[in-house]
Every structure is written in structure tokens, then in C-alpha cells.
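*Asks:*
Number of protein chains: 4
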Amino acid sequence: MKGHAEKSVVPVDVGAVRPPLSGSTRVRVRYCECDPMGVVHHAAYIPWLEIGRTDLLRESGVSYAHLERMGVFLVVAKLDARFRRPVLYDDVVEVRTRVRAASRVKIEHEYGVVVVERGGKACEEPAAAASTTLACVDREGRVSELPEWLRGP
Amino acid sequence: MKGHAEKSVVPVDVGAVRPPLSGSTRVRVRYCECDPMGVVHHAAYIPWLEIGRTDLLRESGVSYAHLERMGVFLVVAKLDARFRRPVLYDDVVEVRTRVRAASRVKIEHEYGVVVVERGGKACEEPAAAASTTLACVDREGRVSELPEWLRGP
Amino acid sequence: MKGHAEKSVVPVDVGAVRPPLSGSTRVRVRYCECDPMGVVHHAAYIPWLEIGRTDLLRESGVSYAHLERMGVFLVVAKLDARFRRPVLYDDVVEVRTRVRAASRVKIEHEYGVVVVERGGKACEEPAAAASTTLACVDREGRVSELPEWLRGP
Amino acid sequence: MKGHAEKSVVPVDVGAVRPPLSGSTRVRVRYCECDPMGVVHHAAYIPWLEIGRTDLLRESGVSYAHLERMGVFLVVAKLDARFRRPVLYDDVVEVRTRVRAASRVKIEHEYGVVVVERGGKACEEPAAAASTTLACVDREGRVSELPEWLRGP
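Residue numbers (this note's numbering), protein chains in the order written: chain A, 1 to 153; chain B, 1 to 153; chain C, 1 to 153; chain D, 1 to 153.
1) Whose C-alpha, out of D:Thr132, D:Val92, D:Glu140 and D:Leu134, is nearest the C-alpha of Pro126 (chain D)?
2) Using a Cβ-Cβ distance cut-off of 8 angstroms, determine whether Tyr64 (chain C) contacts chain D.
3) Going by DSSP, name the residue or residues bridged to Pro126 (chain A).
4) List the residues that DSSP assigns as beta-bridge partners of Val72 (chain A).
5) Let me see if you follow: with CB-CB separation under 8 angstroms, is Arg30 (chain D) close to chain B or not?
6) Would you mind reading off the limits of the beta strand (DSSP E) that contains Glu94 (chain B)?
7) In the DSSP assignment, find the unbroken alpha helix (DSSP H) run with Arg58 (chain C) in it and report its ends.
8) Any idea if Met70 (chain D) is buried or exposed, counting beta-carbon neighbours within 10 angstroms, 16 or more meaning buried?
9) Excluding the five sequence neighbours on either side, which residues of its own chain have a C-beta within less than 7 angstroms of the C-beta of Leu134 (chain A), listed in chain order?
10) Among the residues of its own chain, which have a CB less than 7 angstroms from the CB of Gly52 (chain D), if the five just before and after it don't count?
11) Based on Cα-Cα distance, which residue from C:Val17, C:Pro19, C:Cys32 and C:Ala44 lies nearest to Val113 (chain C)?
12) Taking buried to mean at least 16 other C-beta atoms within 10 Å of its own C-beta, is Arg30 (chain D) buried or exposed?
13) In whole angstroms, what is the alpha-carbon distance linking Leu79 (chain D) and Arg139 (chain B)?
14) Do Pro19 (chain D) and Glu68 (chain D) have their C-beta atoms within less than 8 angstroms of each other?
15) Does DSSP put Ser144 (chain A) in a helix, in a strand, or in coil?
16) Starting from the beta carbon of Met70 (chain C), find every residue of chain B whose beta carbon is closer than 8 angstroms, and list them in chain order.
17) Can you tell me whether Cys123 (chain D) is buried or exposed, with buried defined as 16 or more other CB within 10 angstroms of its CB?
18) Give the secondary structure of Leu79 (chain C) by DSSP, where H, G and I count as helix, E and B as strand, and everything else as coil.
19) Find the nearest neighbour of Val99 (chain C) within the set C:Ser63, C:His41, C:Leu49 and C:Val40, judged by alpha-carbon distance.
20) Would you say His109 (chain D) faces chain C, with C-beta separation under 8 angstroms as the test?
21) Compare the C-beta of Ala77 (chain C) with all C-beta atoms of chain B and state if any pair is closer than 8 angstroms.
22) If contacts are defined as beta-carbon pairs under 8 angstroms, then Ala130 (chain A) and Ala65 (chain A) qualify, I think. What distance do you get, rounded to the angstrom?
23) Check Val10 (chain D) in the structure and name its three-state DSSP category.
24) Cα separation between Trp149 (chain A) and Gly61 (chain B)?
25) Cβ of Phe83 (chain C) within 8 angstroms of Cβ of His42 (chain C)?
26) Quick one: is Ala101 (chain A) buried, meaning 16 or more other Cβ sit within 10 Å of its Cβ, or exposed?
27) So, is the C-beta of Pro47 (chain D) closer than 8 angstroms to a C-beta in chain A?
28) Here's a check: name, in chain order, each residue in its chain whose Cβ is nearer than 6 angstroms to the Cβ of Ser22 (chain B), leaving out the five neighbours to either side.
29) Applying a beta-carbon distance threshold of less than 7 angstroms, which residues of chain E neighbour Gly38 (chain D)?
30) In or out: Arg104 (chain B) buried (at least 16 other Cβ within 10 Å) or exposed?
31) Taking Cβ-Cβ distances shorter than 7 angstroms, what residues in chain B pair up with Pro86 (chain C)?
32) For Asp80 (chain A), return the contacting residues in chain D, with the cut-off set at a CB-CB distance below 9 angstroms.
33) What are the boundary residues of the beta strand (DSSP E) that includes Ser22 (chain B)?
34) Name the residue from B:Thr54, B:Met37 and B:Val115 whose alpha carbon lies nearest to the alpha carbon of Asp132 (chain B).
35) When DSSP labels each residue in this structure, what does His109 (chain A) get in the three-state scheme?
36) Using beta carbons (cut-off 8 angstroms, strictly below), is Ala43 (chain C) in contact with chain B?
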């Protein structure tokens, strides 16, 4: 039943604009992302990393949603995170994402998670650092090659 | 890429055993389900209700996973919940589920969420009550009839 | 350990500006908010409602985070939702929030969840409607009166 | 408002029984833990690891909830995960947890996540491996020493 509301897909020329190699995205912390210690639960950072890397892709004019409709699925094979300072409810964090390496079959990203607003005041407080390795699979879940366009220069 | 690890499906005779009309399931509260007030966040109850109604189904010998592989998708059309008393981290809650009504196109469940263990001691503290209405859709997301077997007596 | 990074709180004059009675907020759908049907899981709408009502509050210059530091906790006592049309990954939804009623001890909100961007194109597709009733509790979890400032005109 | 339903805490002799150095816990995959690829989203594994290590603790007769009431908070400082094979909705996974190292200020765990039931049939399919490093903080969020009892032999 996947994507049942989207019937026709106009293919875009994914080669036109390569995704940038770095970028940043802001996210305001949700109440439900915080735990009884009054800080963001460590699992709640993981979706922010995903937002960081998909927003990189979006800047090239091709969303990850579009990639999936073309049969390109990116799966997380490896994830590393260091949590340095707590993030609080209502903070605004900036996810700073960089492509560290890309090969025929995988792409590695690095992330910095920085608190840039707390209590309504601007700040710059590094909270966490992370990296992920994505592999590419097809509709049947078989490992496949990354589109050349994604591999970067 | 849905269900890519499950290639062949042996159809079961879903008519053999009707799902029971009521039942209960226990869930231990996860740390990440609790919020800065030190209690379970209201959104975290919603997956418990889903566990309650799918466990009812499972007792008939047919899992919801199997229904989906047969092309039967149940979607939540309506959800009502009353939150009466807080549930704490590490509590064990019992979800008591009952089929309230079932027609050709929808099925209604009622739920009681009761804390049955707190701090290692048995208790019986009603925490929330809820109800849902599910509709049935096919692989393309079109509303369709519930399998007769699901509609109950 | 709540709020351990915030030691001193400068009290604000919460009476200065009343929160508006209606407003709207946009949220882009996260991949992890979608389920195997390829649509947003019904539980994932609930945090969006919370964002809607806390953003209303923020417009008055007082965040919910600040209210909690003053010892005012708002808890969800009642939640009703109708899910009308699926929301997809990468959609932008607008949460349109309105205060329906406010008394000495509770405040009711109504919400419309509308898809306003899909596949990069603007649209206006109502997806869900919901309402919540919040009660006010103090640091010890005892039901207390809402700050007069919150009760509206 | 933390723990507002628990007023008095009877201190237990935490030295009586050391937590075991390894153990396992079973979790059935929830529908909302799965994503549009039809498999468990990588962020949903993280709470399972937390269940694994808190269940280890519980076997000693002292729950993590109790530790927090005594003012001992364990925070995740480091997390590494390798995702090898997809986990599906309704699978039963076993989280196999082992204390790898413990010092005066931190404790390291290793985890294996293994699918042990799929489609109602027993299996043994390693899906992921992970490790975490926890640090200990007090009520004010200051790094402090781990209780000796937790450090192991």
C-alpha cells in the first residue's frame, strides 16, 4: 500500500544538480523527545540526523521520497554517536551535515548537533557528534549500487 | 521494499478460528515513553492500544502481519482517549481490549489501560480508557469490506 | 535532574500579552513517522498537536518550557482524533490550532491537520481533525487552577 | 513533577546482589517501529538496547527506576550500532546484553539483536550489534562516580 496517494511520478533528471556536500537544518525540540531527566532522550537524536541528510539531498532538487519512488532505498548500515551535553525541551538545535565519503556502494555522513537557541536566546553549544554509513538497496532489499549522481565528485 | 524478507506466504484458513472478542496484554513502560514530568507521555499510550488489538487477532492464529500479506490493511479512522491517572516508568500496564462493534466496513474496539505492577508490587490502578474505529483498505488504499471472519458473530 | 542546565529563572510578567486564540504551525513529515503502509502512523499526529498548542503559547512571549519552570504543568486529560486522508513522508502539514474553551481548571483546543505541500507542490488537503482537553497540575501532580492569563478573555 | 506518584522510597541494600554481567530480553516488534520500507526503522532499535541493560539491572533486584529515586542517573555518552539484516513487523527479537567494562565513572555494554521468531516460527537470525557507554550523573546533572555495586567484580 506504499505511496498509494501518489499515482504518477514525473521522473526528474537526477543528474542535473548534484546534492551539496554539506549543509545545515534547524529543529525545535519536541516535548515528547525529552525524558524524565528533563533532557532529550538519546534515541531522539537519530531522526534528526536523518532530517539532516535528507535535507542535503532536497537541496539538489531531488527528495528522498522521490528516490524511493524510483526504486532507490538508502538503509543505515552503521551509526555512531557521542552525546556531550544535554539538549533541553524547546531548544532549537542545528544539525550540521557533511558527506565524509562516498563509494560505489555506500555513503558516509558526519553530523554535528549544536544548540543554537535556548530560552529564547541565541547560543552555540555543541551537544553531540555522529556519523552514519548508508548502503543502497533495491525494491527487493538487495544491495545495489548507489546512483552515480549521489556519489559526489 | 515491503516485506522483502518474506517471499512466500502460505495462506491460512482465516475462517477456522474467529478472533476472540476480548483479551488482555501486558507491557512494561519504557524509559523513552516518559516525559519531563516523569510520567508516560500521552502519545505513548497509542501504540499500546495497537498492541492490544493485534494481540486479540493473534489469538485466533492469524497475525496482523499475515493479514497485510493477504492485502488486508486496517487503518485507524477514529481515536478517543481519556487519561485519568499518570503511568510511571517501569510500571507494568495491562491493556484490556474488547470488540465493541463490527460491521461490514468498520470495527470498533474499547480499551482499558490499567497499571498492574508498580515498584515491583502488584496493583490495580485504572490509568486510561480509549476507543478506536478501524476501517479496512486494500493495497491501493481504497476502502474495502472487512473480511467476514473479522466481523465477529 | 529536571532542567539541570537552567539554574536561575527570571520571572516574566505572564499577564502582559495573552496567548492568541488561534494560529498555525508547519511540520515536515519525518521518515520515522511513517509506517509500512507508506503513510504517517496515527500515533505520530499526536506530537504535532502538542507543537500546535505550544506554538500558540509561544506567540504570547511565554514558552511552555517557561511555564513548567514556574511550576505550571499542563497535562492531557482527553484526546479525540479523526483521521480522514493519509499523510505521506516528506509532506508538509499545517496544524491549525484554536482555543475552543477555557475555564478555571481546563483548556480545550481544536486542531485541523492539513497537507499544504506534497511532492514539492502546494496543496490544501485536510487530513485529520482533533481536539484535546488539558488540565493544570502543580509540581506534585495535584490538580490546580490554570493561570488566569491562560484562560483567555 | 518527577515521580509525583511515588512519595516514600524504602532504600534497598543495593550491595546485596550484584547485577549479572550478561542476560537477554525478548521484545515483539511494534507496527509503529517499522517504516515505509516495511522493516524496523534504525532509531527503533535504540530503546531495545535500553530495555536490555535495564533488565540486566532488574535481575539484581534493583530497578533503574529505583536508582533514579536514589539520585543515581545513568546517561548515554556513546552509542555505536551496526545494522546487518532487516527486522520485520511482528518478529520477536532477543536483545543479548553483556557488560564489557566498568570503571569508576563509566560502564560499557555490548548488545546482540537477534530475530528469534518470524511468522510464528522460531529462528536465529542476527540482525544488529551495538555498544553503549554510560556515565553517571547526579540530580544536578554533574558527572559523578558509579555506585561501587554497579561496577562489577
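Just so it is clear, CB atoms sit at the ideal spot from N, CA and C, and this is done for glycine as well. All values reported here derive from a predicted model rather than from experimental measurement.
*Replies:* Answer, in terms of the structure:
1) Here residue 126 (chain D) refers to the residue found at position 126 of the fourth sequence. Minimum Cα distance to Pro126 (chain D) is reached at D:Val92.
2) Translated into positions along the third sequence, residue 64 (chain C) becomes position 64. Chain D, which has no Cβ nearer than 8 angstroms to the Cβ of Tyr64 (chain C), makes this no.
3) Taking the first sequence and counting its residues from 1, one reaches residue 126 (chain A) at position 126. For Pro126 (chain A), the beta-bridge partners assigned by DSSP are A:Val114.
4) Residue numbering aside, residue 72 (chain A) sits at position 72 when the first sequence is read from its first letter. Beta-bridge pairing links Val72 (chain A) to no other residue.
5) Residue numbering aside, residue 30 (chain D) sits at position 30 when the fourth sequence is read from its first letter. Interface residue, yes.
6) The sequence position of residue 94 (chain B) within the second sequence is 94, counting from 1. Start and end: Val92 to Ala102.
7) For the purposes of this step, residue 58 (chain C) is identified with residue 58 of the third sequence, where counting begins at 1. Per DSSP, Arg58 (chain C) belongs to the alpha helix (DSSP H) from Tyr45 to Arg58.
8) Translated into positions along the fourth sequence, residue 70 (chain D) becomes position 70. Flag for Met70 (chain D) reads exposed.
9) If you number the first sequence from 1, residue 134 (chain A) lands on position 134. Once the five neighbours on either side are set aside, the close Cβ partners of Leu134 (chain A) are Leu74, Val75, Val76, Ala77, Lys106 and Ile107.
10) Here residue 52 (chain D) refers to the residue found at position 52 of the fourth sequence. Closer than 7 angstroms at Cβ, skipping near neighbours: Thr25, Val95, Thr97 and Tyr111.
11) As a first step, residue 113 (chain C) must be located in the third sequence, where it is residue number 113. Out of C:Val17, C:Pro19, C:Cys32 and C:Ala44, C:Ala44 has the C-alpha closest to the C-alpha of Val113 (chain C).
12) Walking along the fourth sequence from the start, residue 30 (chain D) turns up at place 30. So Arg30 (chain D) ends up on the buried side.
13) Indexing the fourth sequence from 1 puts residue 79 (chain D) at position 79. Indexing the second sequence from 1 puts residue 139 (chain B) at position 139. Taking the straight line from one Cα to the other gives about 38 angstroms.
14) Against the fourth sequence, residue 19 (chain D) aligns to sequence position 19. Against the fourth sequence, residue 68 (chain D) aligns to sequence position 68. It is not a contact, given that the beta carbons lie outside the stated cut-off.
15) Within the first sequence, residue 144 (chain A) is the residue found at index 144, counting from 1. Strand.
16) Residue 70 (chain C) sits at position 70 when you count from the first residue of the third sequence. Residues of chain B with a Cβ closer than 8 angstroms to the Cβ of Met70 (chain C) do not exist; the shortest Cβ-Cβ separation is about 14 angstroms.
17) Mapped onto the fourth sequence, residue 123 (chain D) falls at position 123. Around the beta carbon of Cys123 (chain D), fewer than 16 other beta carbons lie within 10 angstroms, which makes this residue exposed.
18) Position 79 of the third sequence, counting from 1, holds the residue named residue 79 (chain C). In the three-state DSSP reduction, Leu79 (chain C) falls in the strand class (E or B).
19) Mapped onto the third sequence, residue 99 (chain C) falls at position 99. Minimum Cα-Cα distance from Val99 (chain C) among the listed residues C:Ser63, C:His41, C:Leu49 and C:Val40 corresponds to C:Leu49.
20) Reading the fourth sequence from its first residue, position 109 is the one you call residue 109 (chain D). Chain C, which has no Cβ nearer than 8 angstroms to the Cβ of His109 (chain D), makes this no.
21) Mapped onto the third sequence, residue 77 (chain C) falls at position 77. Judged by the 8 angstroms Cβ criterion, Ala77 (chain C) is in contact with chain B.
22) Taking the first sequence and counting its residues from 1, one reaches residue 130 (chain A) at position 130. Taking the first sequence and counting its residues from 1, one reaches residue 65 (chain A) at position 65. About 23 angstroms separates the beta carbons of Ala130 (chain A) and Ala65 (chain A), which is beyond the 8 angstroms limit, so they are not a contact pair.
23) Locating residue 10 (chain D) in the fourth sequence gives position 10, where the first residue counts as 1. Residue placement at Val10 (chain D) is flagged as unreliable, the pLDDT there being 40, under the threshold of 50; the coordinate-derived value follows with that caveat. In the displayed model, Val10 (chain D) falls within coil according to three-state DSSP, outside both helix and strand.
24) The count along the first sequence starts at 1 and reaches residue 149 (chain A) at position 149. The count along the second sequence starts at 1 and reaches residue 61 (chain B) at position 61. The straight-line gap from Cα to Cα measures roughly 47 angstroms.
25) Your numbering for residue 83 (chain C) matches position 83 in the third sequence. Your numbering for residue 42 (chain C) matches position 42 in the third sequence. The answer is yes: Cβ separation under 8 angstroms.
26) By one-based count along the first sequence, residue 101 (chain A) stands at place 101. With fewer than 16 other beta carbons inside 10 angstroms of its own, Ala101 (chain A) counts as exposed.
27) Here the question's residue 47 (chain D) lines up with position 47 in the fourth sequence. Contacts with chain A at 8 angstroms (Cβ-Cβ) include Pro47 (chain D).
28) Locating residue 22 (chain B) in the second sequence gives position 22, where the first residue counts as 1. Only residues of its own chain outside the window of five on either side were considered, and among them Arg98 have a CB closer than 6 angstroms to the CB of Ser22 (chain B), listed in chain order.
29) The chain inventory of the structure shown lacks chain E, comprising the protein chains A, B, C and D.
30) Here residue 104 (chain B) corresponds to residue number 104 of the second sequence, with the count starting at 1. Answer is exposed; the Cβ neighbour count stays below 16.
31) Taking the third sequence and counting its residues from 1, one reaches residue 86 (chain C) at position 86. Listed by position along chain B, the residues whose Cβ is nearer than 7 angstroms to that of Pro86 (chain C) are Gly141.
32) Here residue 80 (chain A) refers to the residue found at position 80 when the first sequence is read from its first residue. Neighbours of Asp80 (chain A) on chain D, chain order: Lys78, Leu79, Asp80 and Ala81.
33) Within the second sequence, the letter at position 22 stands for residue 22 (chain B). Counting along the chain, the beta strand (DSSP E) containing Ser22 (chain B) begins and ends at Ser22 to Arg28.
34) Locating residue 132 (chain B) in the second sequence gives position 132, where the first residue counts as 1. According to the sequence provided, residue 132 (chain B) is Thr. The question's Asp does not apply to it. The option with the nearest alpha carbon to Thr132 (chain B) is B:Thr54.
35) Against the first sequence, residue 109 (chain A) aligns to sequence position 109. Note: His109 (chain A) maps to strand in three-state DSSP.
36) By 1-based counting over the third sequence, the position of residue 43 (chain C) is 43. Residue-level contact check: Ala43 (chain C) touches chain B, since one or more beta carbons of chain B fall below 8 angstroms from its beta carbon.
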